[in-house]
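**Student:**
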Amino acid sequence: MTLRFDRRLRADLAPLSLALLILAVPLAAVTQAVAQDAKPIDTSRLVSVGGDVTEIIYALGEEKRLVGRDSTSIYPEAATEVPDVGYMRQLSPEGIMATNPTAILAVEGSGPPETLAVLKNAAIPMETVPERYDGAGIVAKIERVGAVLGVKDKASALAATVKADLDAAVAAADARPHAERKRVLFILSMQSGKIMAAGQGTSADAIVELSGAINATDTFQGYKPVTDEAIIEAKPDLVLMMTRGGSHSASDEELFKQPALALTPAAAKKSVIRMDGLHLLGFGPRTASAVRELNGAIYGKANASQ
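Just so you know, the working numbering puts 1035 at position 253 of the sequence shown, and the rest follows in order with no gaps.
(1) Given 8 Å as the limit, is there contact between the region 1055-1075 and the region 833-844, that is, 3 or more CB pairs closer than that?
(2) With a threshold of 6 Å on Cβ separation, who are the neighbours of Leu970 within its own chain once the five nearest residues in sequence on each side are excluded?
(3) DSSP on Tyr857, reduced to helix/strand/coil?
(4) So which of Gly994, Leu898, Ser993 has the shortest CA-CA distance to Glu909?
(5) Compute the beta-carbon to beta-carbon distance between Thr984 and Pro1018, rounded to the nearest angstrom, for a pair I have assumed lies under 8 Å.
(6) Given this structure, state the Cα-to-Cα distance separating Arg926 from Glu1011, to the nearest angstrom.
(7) Rounded to whole angstroms, what's the CA-CA distance from Leu1043 to Gln1003? Just pull it up for me.
(8) Excluding sequence positions up to five away, which residues of its chain have a Cβ less than 6 Å from the Cβ of Val864?
(9) Evaluate Tyr857 with the Cβ neighbour count: other Cβ atoms within 10 Å of its Cβ, from every protein chain shown; 16 or more gives buried, anything less gives exposed.
(10) Per DSSP, what kind of secondary structure is Thr813 in: helix, strand or coil?
(11) Count the CB pairs spanning the region 872-884 and the region 915-925 that are closer than 8 Å, and state whether there are at least three.
(12) For Asp1000, tell me which candidate among Gly975, Ser993, Phe968, Met1024 has the shortest Cα-Cα distance.
(13) Buried or exposed for Ile964, going by 16 or more other Cβ atoms inside 10 Å?
(14) Closest by CA to Leu931, which one among Thr884, Ser993, Asp947?
(15) Counting along the chain, where does the alpha helix (DSSP H) carrying Pro985 start and finish?
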């Protein structure tokens, strides 16, 4: 009796299940249409957080919207004339709200969370740009900025140009046989003689690889202090640093006075490369240029792709 009832119940419910399945498709389509037709946010008074985001806004010719930018947004030079709202990871709500923005466009990882919570409570729309360290990531950034600003066609054109340029630069660098590639030690800082180096998953690791070289400290994730033993074992052929001042900087002489570095192949030839940080690690529209510049600095200008 129970078996007959179960079969009958399933038979009675079958048409209802089919109807719900058919109905689900139109509902999903309607939901998607509503999302696509959602009113875009007002970006007429925009605060940009992240040097790469700001650079993309200028590359799209939409800089007239900017009323504020973070302290990493220093390219192009005209961006430095826009009010500075603070460092991207140490933003203050007061500095941002003082610009009376209609929206904020920030690279992923901006903060701190407390500031973001205050801005959310103030009903200031904030859109996030994904952070990735590869060609597809740069394209995604450009397309995301273009979508938020309502200039998708301009963003698609820029993304295509940037991708083609980067693909060409990377292909030229990648032509070098692996056995001939040099080992690069990227030093983020050297405070109190302690070296902070770049491991896997960092923008420095990515740009070194794209430029046809090897990250000498790819045995860990992120940026970390490294021991003297680790530096000696890394056997870097050269050191890569950002051009910067203050306590994070070190002269070549100070650099190779460090006992562990003094025992590396890099010290034998005093091989140090210094590049602008945003250009080198920004992963924005100029990354192809950074790849060519770094490749040329590592292997010689004659070997750099043109």
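For glycine and all other residues, C-beta sits at the position ideal for the given N, C-alpha and C.
None of the values given here were measured: they were computed from a predicted structure.
**Tutor:** Looking at the atomic coordinates:
(1) Judged by Cβ distances under 8 Å, the region 1055-1075 makes contact with the region 833-844, as three or more pairs qualify.
(2) Excluding residues within five positions, the ones whose Cβ falls inside 6 Å are Met978, Tyr1005.
(3) Here Tyr857 sits in coil by DSSP.
(4) Answer by Cα proximity: Leu898.
(5) About 16 Å separates the two Cβ atoms, so there is no contact after all.
(6) Looking at the two C-alpha atoms, the distance is approximately 43 Å.
(7) Taking the straight line from one Cα to the other gives about 21 Å.
(8) Here the set comprises Leu848, Arg851.
(9) Flag for Tyr857 reads buried.
(10) Note on Thr813: pLDDT 36, under 50, position unreliable in the model; the coordinate value appears next. In the structure shown, Thr813 falls within a helical segment according to DSSP collapsed to helix, strand and coil.
(11) Because the criterion of three Cβ pairs below 8 Å is not met, the region 872-884 and the region 915-925 do not touch.
(12) Ranking the options by Cα distance to Asp1000, first place goes to Phe968.
(13) The displayed chain sequence assigns Lys, not Ile, to residue 964. In summary, Lys964 is buried, with 16 or more beta-carbon neighbours lying within 10 Å of its beta-carbon over all protein chains present.
(14) The option with the nearest alpha carbon to Leu931 is Thr884.
(15) The identity of residue 985 in the sequence shown is Ser, whereas the question assumes Pro. Element bounds for Ser985: 985-992.
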